[in-house]
């Protein structure tokens with residue numbers, strides 16, 4: 001019986017030793033303390049310890065120590081720096097959206113941090129990466145979400161409305177929306193560039209992009225020519241105001257394409273009336289194509305149609321004269 005008790009005591013002590021292998025008795029608190037979870041006595045010591053781990057490339061351990069500082073010393077002068085480095089670690093680990101969220105907390109919680117301008121630039125660069133095609137991921141999987149650059153560029157503008165990156169962020173926000181086919185929203189953002197940042201280098205290309213948005217919503221060969229006409233006028237205004245701009249050559253090319261679209265629209269209207277045997281109305285629109293768009297491919301077709309209609313009318317006249 002005594003032998004069994006002895007074995008049991010040894011077993012219990014062994015388990016206790018294993019359990020407390022990473023624990024230390026603290027006379028101050030009268031408790032066992034695990035150094036892995038303990039915080040340093042001051043926020044300065046805590047930040048120094050976390051930074052040392054970070055500089056050694058031990059990002060996971062450093063992240064844990066920065067979070068400890070935020071948990072135990074949330075109002076300390078070092079808290080903003082800890083939050084900043086949480087963003088840096090996420091970015092280094094290529095978790096870009098998580099990095100943006102961590103950086104934004106610096107702005108939201110510590111608006112007087114000396115890191116604010118640096119954080120805004122980091123957010124801007126992250127947005128650019130998403131704009132260039134980087135996908136948002138979680139647990140290594142690509143998420144089917146809207147381009148995060150939209151959200152981040154908006155935050156950059158909100159964080160520093162008249163800062164050095166705001167005008168460019170506003171312009172690039174418009175470009176993303178335009179690329180998604182959201183032309184009305186994109187035009188609104190480009191108008192904000194012109195209104196809020198008229199002296200910036202982005203104001204002139206914003207005018208070009210507004211014309212492009214108008215062209216994007218213009219019908220391909222619809223009878224309603226209003227959007228096409230407005231787009232053409234916007235491009236013409238741009239070329240007239242900025243004849244030497246790098247985008248003017250493209251604007252002139254777009255004007256020609258829109259003129260072709262306009263000519264096709266009038267041609268289709270004429271064809272519709274011809275099909276309804278409303279020949280006089282058809283001739284009016286064919287003549288518009290020939291007279292106003294003589295360089296278009298539709299002019300020759302319209303002229304051919306007019307000649308055919310005249311021949312048809314001549315035959316009808318002969319028939320009437322023999323009756």
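Residue numbers (the working numbering): 1 to 323.
Backbone N, C-alpha and C fix where the C-beta goes; we use that ideal spot for every residue, glycine too.
For clarity, every value in this text was computed on a predicted model and none was experimentally measured.
Query raised in the report: Taking the Cβ atom as the reference point for each residue, do residue 303 and residue 279 lie within a distance shorter than 8 Å?
Result: Counted from its first residue, the chain shown places residue 303 at position 303. Counted from its first residue, the chain shown places residue 279 at position 279. Taking a C-beta distance under 8 Å as the contact criterion, residue 303 and residue 279 do not qualify as a contact pair.
Requested in this report: Determine the direct distance from the alpha carbon of residue 206 to that of residue 194, and round the result to whole angstroms.
Outcome: The residue you call residue 194 lines up with position 194 of the chain shown. The residue you call residue 206 lines up with position 206 of the chain shown. Cα to Cα, the separation comes out at about 7 Å.
Query raised in the report: The alpha helix (DSSP H) spanning residue 167 covers which residue range?
Result: Here the question's residue 167 lines up with position 167 in the chain shown. Start and end: 166-179.
Query raised in the report: Can the beta-carbon of residue 93 be found less than 8 Å from the beta-carbon of residue 59?
Result: Numbered from its first residue, the chain shown carries residue 93 at position 93. Numbered from its first residue, the chain shown carries residue 59 at position 59. Note that the C-beta distance between residue 93 and residue 59 is below 8 Å.
Report task. With distances taken Cα to Cα, identify the nearest neighbour of residue 261 among 105, 306 and 296. Result -> Within the chain shown, numbered from 1, the residue matching residue 261 stands at position 261. Ranking the options by Cα distance to residue 261, first place goes to 296.
Requested in this report: Could you tell me which of 256, 117 and 273 sits nearest to residue 292, measuring between CA atoms?
Outcome: Working through the chain shown from its first residue, we reach residue 292 at position 292. The shortest C-alpha to C-alpha distance from residue 292 to any of 256, 117 and 273 is the one to 256.
Query raised in the report: Do the stretch 159-167 and the stretch 136-143 make contact, defined as three or more Cβ pairs closer than 8 Å?
Result: In short, these stretches do not touch, since the Cβ pair count stays below three.
Query raised in the report: Does the stretch 50-69 touch the stretch 97-115, meaning 3 or more C-beta pairs lie closer than 8 Å?
Result: Because the criterion of three Cβ pairs below 8 Å is not met, the stretch 97-115 and the stretch 50-69 do not touch.
**Report entry** Complete alpha helix (DSSP H) runs within the stretch 23-103 (minimum length 4 residues, chain order)
**Finding:** If one requires a minimum length of 4 residues, the alpha helix (DSSP H) runs lying completely within the stretch 23-103 are 43-55, 59-72 and 79-92, in chain order.
Query raised in the report: In whole angstroms, what separates the C-alpha of residue 208 from that of residue 187?
Result: Position 208 of the chain shown, counting from 1, holds the residue named residue 208. Position 187 of the chain shown, counting from 1, holds the residue named residue 187. Between residue 208 and residue 187, the C-alpha separation is close to 10 Å.
Report task. Kindly indicate which residue of 121, 88, 147 and 305 has the alpha-carbon position closest to the one of residue 174. Result -> Within the chain shown, the letter at position 174 stands for residue 174. The residue with the shortest Cα to Cα distance from residue 174 is 147.
Query raised in the report: With a CB to CB cut of under 7 Å and the five nearest residues on each side skipped, what residues in its chain are close to residue 266?
Result: Translated into the one-based positions of the chain shown, residue 266 becomes position 266. Apart from the 5 residues on each side of it in sequence, residue 266 sits with its Cβ closer than 7 Å to the Cβ of 285, 288 and 289 in its chain, given in chain order.
Query raised in the report: Candidates 269, 268, 276 and 211: which alpha carbon is nearest residue 253's?
Result: In the chain shown, the residue the question calls residue 253 occupies position 253. Out of 269, 268, 276 and 211, 211 has the C-alpha closest to the C-alpha of residue 253.
Query - Cα-Cα separation between residue 181 and residue 150, rounded to whole angstroms - result: Taking the first residue of the chain shown as position 1, residue 181 is located at position 181. Taking the first residue of the chain shown as position 1, residue 150 is located at position 150. CA-CA distance, residue 181 to residue 150, rounds to 14 Å.
Requested in this report: Measure the C-alpha to C-alpha separation of residue 81 and residue 130 and round it to an integer number of angstroms.
Outcome: Numbered from its first residue, the chain shown carries residue 81 at position 81. Numbered from its first residue, the chain shown carries residue 130 at position 130. Residue 81 and residue 130: Cα-Cα distance of roughly 26 Å.
Query raised in the report: Rounded to a whole number of angstroms, what is the C-alpha to C-alpha distance between residue 299 and residue 273?
Result: Taking the first residue of the chain shown as position 1, residue 299 is located at position 299. Taking the first residue of the chain shown as position 1, residue 273 is located at position 273. Near 17 Å, if we compare the C-alpha coordinates of residue 273 and residue 299.
**Report entry** Proximity winner among 198, 196 and 234, relative to residue 213 (alpha-carbon distances)
**Finding:** Along the chain shown, one-based indexing puts residue 213 at 213. The shortest C-alpha to C-alpha distance from residue 213 to any of 198, 196 and 234 is the one to 234.
Query raised in the report: How far does the alpha helix (DSSP H) with residue 195 in it reach, from first residue to last?
Result: Within the chain shown, residue 195 is the residue found at index 195, counting from 1. Looking at the DSSP string, the run of the alpha helix (DSSP H) that includes residue 195 is 183-196.
**Report entry** Of the listed residues 126, 84 and 128, nearest to residue 109 (C-alpha basis)
**Finding:** To locate residue 109, count along the chain shown from 1; it is residue 109. It is 84.
Query raised in the report: Is the beta carbon of residue 305 less than 8 Å from the beta carbon of residue 270?
Result: For this step, residue 305 is matched to residue 305 along the chain shown. For this step, residue 270 is matched to residue 270 along the chain shown. For residue 305 and residue 270, yes; Cβs fall inside 8 Å.
Report task. Output the boundary residues of the alpha helix (DSSP H) element that contains residue 209. Result -> Within the chain shown, numbered from 1, the residue matching residue 209 stands at position 209. Following the DSSP letters along the chain, one finds residue 209 inside the alpha helix (DSSP H) bounded by residues 203-217.
Query raised in the report: Which residue or residues does DSSP assign as beta-bridge partners of residue 137?
Result: Taking the first residue of the chain shown as position 1, residue 137 is located at position 137. Per DSSP, 142.
Query raised in the report: With distances taken from CA atoms, which of 157, 185 and 40 is nearest residue 72?
Result: What you label residue 72 is simply residue 72 of the chain shown in a count that begins at 1. Residue nearest to residue 72 within the set 157, 185 and 40 is 40 (criterion: CA-CA distance).
Query raised in the report: Leaving out the 5 sequence neighbours to the left and right, which residues in its chain are closer than 8 Å to residue 135 when beta-carbon positions are compared?
Result: The residue you call residue 135 lines up with position 135 of the chain shown. Correct list, in chain order: 142 and 143.
Report task. Report the rounded CA-to-CA distance for residue 220 versus residue 196, giving the unit in angstroms. Result -> Residue mapping note: residue 220 aligns to position 220 of the chain shown, counting from 1. Residue mapping note: residue 196 aligns to position 196 of the chain shown, counting from 1. With a pLDDT of only 49 at residue 220, under 50, the local geometry of the prediction cannot be trusted, and no value is derived from it.
Query raised in the report: Just the Cα atoms here: how many angstroms apart are residue 161 and residue 216?
Result: Your numbering for residue 161 matches position 161 in the chain shown. Your numbering for residue 216 matches position 216 in the chain shown. Between the alpha carbons of residue 161 and residue 216 lies a distance of about 29 Å.
**Report entry** Residue interval of the alpha helix (DSSP H) (run including residue 117)
**Finding:** Along the chain shown, read from residue 1 onward, the residue named residue 117 stands at position 117. Per DSSP, residue 117 is one residue of the alpha helix (DSSP H) stretching across 116-131.
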